[in-house]
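Each number in our numbering comes from the position in the sequence shown (counting from 1) with 5 added on.
We put the CB at the ideal spot given by N, CA and C, even for glycine.
Notes to accompany the following structure.
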Amino acid sequence: MEKVIGRSYEAVRQWYHKLAHLFDPVPDHHSTVAIDETKLKVEKTEVYVWAAIDVETFEVVHIEVSPGRSDLDALLFIKQVLKRCRGDPVVLVDRGPWYNWPLDDLDLCESRRETWGNGLSSKRGSAC
(Lines of atoms letter the chains of each structure in order from A and count residues from 1; the text may use other names and numbers.)
(Lines give C-alpha, C1' and ligand atoms only; values in the text may rest on other atoms or scores of the structure.)
Protein backbone atom coordinates (compact mmCIF):
# COMPACT_ATOMS: atom_id res chain seq x y z
CA MET A 1 0.00 0.00 0.00
CA GLU A 2 2.87 2.37 0.73
CA LYS A 3 4.02 2.36 -2.89
CA VAL A 4 0.56 3.10 -4.26
CA ILE A 5 -0.36 6.09 -2.13
CA GLY A 6 2.91 7.02 -0.44
CA ARG A 7 1.58 6.64 3.12
CA SER A 8 1.92 3.95 5.75
CA TYR A 9 -0.86 1.55 6.58
CA GLU A 10 -1.23 3.16 10.01
CA ALA A 11 -1.58 6.66 8.52
CA VAL A 12 -4.30 5.44 6.17
CA ARG A 13 -6.08 3.65 9.04
CA GLN A 14 -6.05 6.82 11.18
CA TRP A 15 -7.26 8.94 8.26
CA TYR A 16 -10.08 6.50 7.56
CA HIS A 17 -11.28 6.50 11.18
CA LYS A 18 -11.27 10.31 11.31
CA LEU A 19 -13.42 10.42 8.17
CA ALA A 20 -15.42 7.21 8.69
CA HIS A 21 -18.70 9.12 8.89
CA LEU A 22 -18.25 10.06 5.22
CA PHE A 23 -18.01 6.39 4.26
CA ASP A 24 -21.13 5.32 6.14
CA PRO A 25 -23.89 7.61 4.87
CA VAL A 26 -27.47 7.64 6.12
CA PRO A 27 -29.61 5.32 3.94
CA ASP A 28 -31.45 7.15 1.18
CA HIS A 29 -34.30 6.24 -1.17
CA HIS A 30 -33.02 4.64 -4.38
CA SER A 31 -35.74 3.00 -6.47
CA THR A 32 -33.39 1.44 -9.04
CA VAL A 33 -29.69 0.73 -8.54
CA ALA A 34 -27.29 -0.51 -11.24
CA ILE A 35 -24.33 -2.57 -10.09
CA ASP A 36 -21.24 -3.30 -12.15
CA GLU A 37 -17.63 -4.29 -11.59
CA THR A 38 -14.40 -3.92 -13.52
CA LYS A 39 -10.93 -5.39 -13.24
CA LEU A 40 -8.01 -3.00 -12.71
CA LYS A 41 -4.31 -3.65 -12.44
CA VAL A 42 -2.50 -1.73 -9.69
CA GLU A 43 1.20 -2.27 -10.25
CA LYS A 44 1.28 -6.08 -10.60
CA THR A 45 -1.88 -6.82 -8.63
CA GLU A 46 -5.31 -7.27 -10.19
CA VAL A 47 -8.27 -5.96 -8.18
CA TYR A 48 -11.96 -5.56 -8.87
CA VAL A 49 -13.74 -2.26 -8.37
CA TRP A 50 -17.47 -2.63 -7.69
CA ALA A 51 -19.83 0.32 -8.10
CA ALA A 52 -23.53 0.87 -7.46
CA ILE A 53 -25.24 3.86 -9.07
CA ASP A 54 -28.78 5.21 -8.66
CA VAL A 55 -30.15 4.93 -12.20
CA GLU A 56 -32.40 7.98 -11.89
CA THR A 57 -30.05 10.46 -10.18
CA PHE A 58 -26.65 8.99 -11.17
CA GLU A 59 -25.68 9.26 -7.49
CA VAL A 60 -22.95 6.86 -6.41
CA VAL A 61 -24.55 4.61 -3.81
CA HIS A 62 -21.45 2.57 -2.95
CA ILE A 63 -17.97 1.72 -4.26
CA GLU A 64 -15.74 -1.07 -3.04
CA VAL A 65 -12.53 -2.84 -4.06
CA SER A 66 -12.03 -6.59 -3.71
CA PRO A 67 -9.21 -8.95 -4.66
CA GLY A 68 -11.62 -11.26 -6.50
CA ARG A 69 -14.91 -11.46 -8.36
CA SER A 70 -16.75 -14.39 -6.84
CA ASP A 71 -20.32 -15.05 -5.75
CA LEU A 72 -19.26 -14.17 -2.21
CA ASP A 73 -17.68 -10.88 -3.32
CA ALA A 74 -20.90 -10.00 -5.15
CA LEU A 75 -23.05 -10.97 -2.15
CA LEU A 76 -21.02 -8.87 0.29
CA PHE A 77 -21.10 -5.88 -2.06
CA ILE A 78 -24.85 -6.10 -2.69
CA LYS A 79 -25.48 -6.32 1.06
CA GLN A 80 -23.54 -3.09 1.56
CA VAL A 81 -25.52 -1.43 -1.23
CA LEU A 82 -28.83 -2.49 0.33
CA LYS A 83 -27.73 -1.03 3.70
CA ARG A 84 -27.45 2.32 1.93
CA CYS A 85 -30.98 2.11 0.50
CA ARG A 86 -34.30 2.75 2.20
CA GLY A 87 -36.97 0.39 0.93
CA ASP A 88 -36.36 -2.35 -1.60
CA PRO A 89 -34.70 -1.06 -4.76
CA VAL A 90 -34.76 -2.87 -8.08
CA VAL A 91 -31.19 -4.08 -8.62
CA LEU A 92 -29.83 -4.12 -12.17
CA VAL A 93 -26.77 -6.28 -12.87
CA ASP A 94 -25.03 -7.64 -15.95
CA ARG A 95 -25.08 -11.31 -16.87
CA GLY A 96 -22.02 -12.23 -14.78
CA PRO A 97 -22.56 -15.65 -13.19
CA TRP A 98 -21.26 -14.30 -9.86
CA TYR A 99 -24.61 -12.51 -9.41
CA ASN A 100 -26.82 -15.65 -9.58
CA TRP A 101 -26.45 -16.85 -6.00
CA PRO A 102 -26.46 -13.39 -4.33
CA LEU A 103 -29.67 -12.32 -6.08
CA ASP A 104 -31.38 -15.58 -5.14
CA ASP A 105 -29.98 -15.61 -1.58
CA LEU A 106 -31.12 -12.04 -0.93
CA ASP A 107 -34.54 -12.78 -2.47
CA LEU A 108 -34.35 -9.78 -4.82
CA CYS A 109 -37.42 -10.73 -6.84
CA GLU A 110 -37.55 -7.55 -8.90
CA SER A 111 -33.87 -7.68 -9.88
CA ARG A 112 -33.03 -7.73 -13.56
CA ARG A 113 -30.05 -8.92 -15.50
CA GLU A 114 -29.13 -6.77 -18.45
CA THR A 115 -26.47 -6.68 -21.10
CA TRP A 116 -25.16 -3.13 -20.95
CA GLY A 117 -25.31 -0.89 -23.98
CA ASN A 118 -27.38 -2.81 -26.51
CA GLY A 119 -30.84 -2.21 -25.07
CA LEU A 120 -31.58 -5.90 -24.62
CA SER A 121 -32.82 -6.89 -21.23
CA SER A 122 -34.49 -9.87 -19.72
CA LYS A 123 -36.43 -10.17 -16.51
CA ARG A 124 -34.55 -12.45 -14.18
CA GLY A 125 -36.42 -15.64 -13.54
CA SER A 126 -37.19 -16.12 -9.89
CA ALA A 127 -39.27 -18.34 -7.68
CA CYS A 128 -40.53 -15.32 -5.72
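- DSSP places R18 in the helix class (H, G or I) of the three-state scheme.
- Note on S36: under 16 other CB atoms within 10 angstroms of its CB, so exposed under the neighbour-count rule.
- It is roughly 22 Å from the alpha-carbon of V65 to the alpha-carbon of S75.
- When Cβ pairs closer than 8 Å are counted between the two stretches, the segment 34-53 is seen to touch the segment 94-113, the count reaching three or more.
- With respect to the C-alpha of D78, the residue from F63, K49 and L108 having the closest C-alpha is L108.
- The three-state secondary structure of L45, taken from DSSP, is strand.
- For V38, the three-state secondary structure derived from DSSP is strand.
- Considering only L87, V47, W55 and R18, the residue with the shortest C-alpha distance to W103 is W55.
- Remark: C-beta atoms of D110 and L87 do not approach each other more closely than 8 Å.
- Linking G73 to L45 through their CA atoms gives a straight-line distance of about 11 Å.
- Around the beta-carbon of I58, 16 or more other beta-carbon atoms lie within 10 Å, marking it buried.
- Assigned with DSSP and collapsed to three states, V60 falls in coil, not helix or strand.
- Residues of the same chain with a CB within less than 6 Å of the CB of S71, apart from the 5 flanking positions on each side, are Y53 and D78 in chain order.
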